[in-house]
Amino acid sequence: MADRHLEQAVLVAAIVVMIGLSLWLQVNFLKPKLHQNTPTISHEPDYYMHKFTATGRDTNGIAYVLVGKNLKHFPDNSSTPGSLLEDPRLNQYDQNNLVRTTSSDSGWIYEDGTKILLQGNVQVTQGATDTAVASVTSVDRMTIKLR
């Protein structure tokens with residue numbers, strides 16, 4: 004009879020140890036680990052360009068060249084990621100002829116490249132054509148749709 008009680012006590016102790024061991028394993032090894040190398044969200048530029056030149060074409064097929072003194076790219080700037088431009092100048096061409104030059108003190112080009120927001124002393128110089136005279140327009144702020 005004593006052997007039977009000893010056998011039951013050993014069996015209960017083994018079950019309790021196994022339950023305790025499984026709980027310990029679950030708590031210590033099955034926890035999701037936080038990645039140590041996750042990037043932090045920063046409102047700092049991730050790259051800079053000095054004396055940059057960018058080229059492209061808009062939806063009407065007009066080629067453009069964007070040049071500037073400095074460009075700072077912000078991957079996360081609240082809801083509008085993009086690039087800050089210093090002294091940007093946008094030259095737009097139609098069939099290899101300069102049609103329009105737009106310049107300003109600063110600007111912002113949206114991440115998808117669809118729009119440029121120019122600010123401060125914006126000047127648009129339009130060349131003369133067969134049907135129109137040359138013109139210069141000055142404003143404080145202008146948005147140019149590229150695509």
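Position 63 of the sequence shown, counting from 1, maps to 66 under our numbering, and the rest follow consecutively. Every residue, glycine too, gets a C-beta built ideally from N, C-alpha and C.
Residue i versus the options, residue with shortest Cα-Cα distance
i    : options                : result
Q122 : T134, I147 and E114    : I147
I118 : Y67, D79 and D108      : This sequence places Lys at residue 118; Ile is not what is there. Of the listed residues, the one whose Cα sits closest to K118 is Y67.
D61  : G110, H46, P84 and D97 : D97
P84  : K54, T58, T56 and D115 : D115
DSSP beta-bridge partners of residue i
i    : result
R103 : Q95 and Q129
I119 : I112 and I147
E89  : N73 and S109
F55  : G71
Interface flag, residue i vs chain D, CB-CB below 8 Å
i    : result
R103 : Included in the structure is just one protein chain, with no chain D present.
Close beta carbons around residue i, own chain, < 7 Å, minus the five adjacent residues each side
i   : result
N94 : Y67, V68, L101 and T104
Simplified DSSP state of residue i, which is helix, strand or coil
i    : result
G64  : coil
A5   : helix
S142 : Per the sequence shown, residue 142 should be read as Val rather than Ser. V142 falls in the strand class under three-state DSSP.
Contacting residues, own chain, Cβ-Cβ under 8 Å from residue i (five flanking each side not counted)
i    : result
S109 : L87, L88, E89, D90, P91, L121, Q122 and G123
Same chain only: Cβ atoms within 6 Å of residue i, ignoring 5 sequence neighbours per side
i    : result
S138 : Q129
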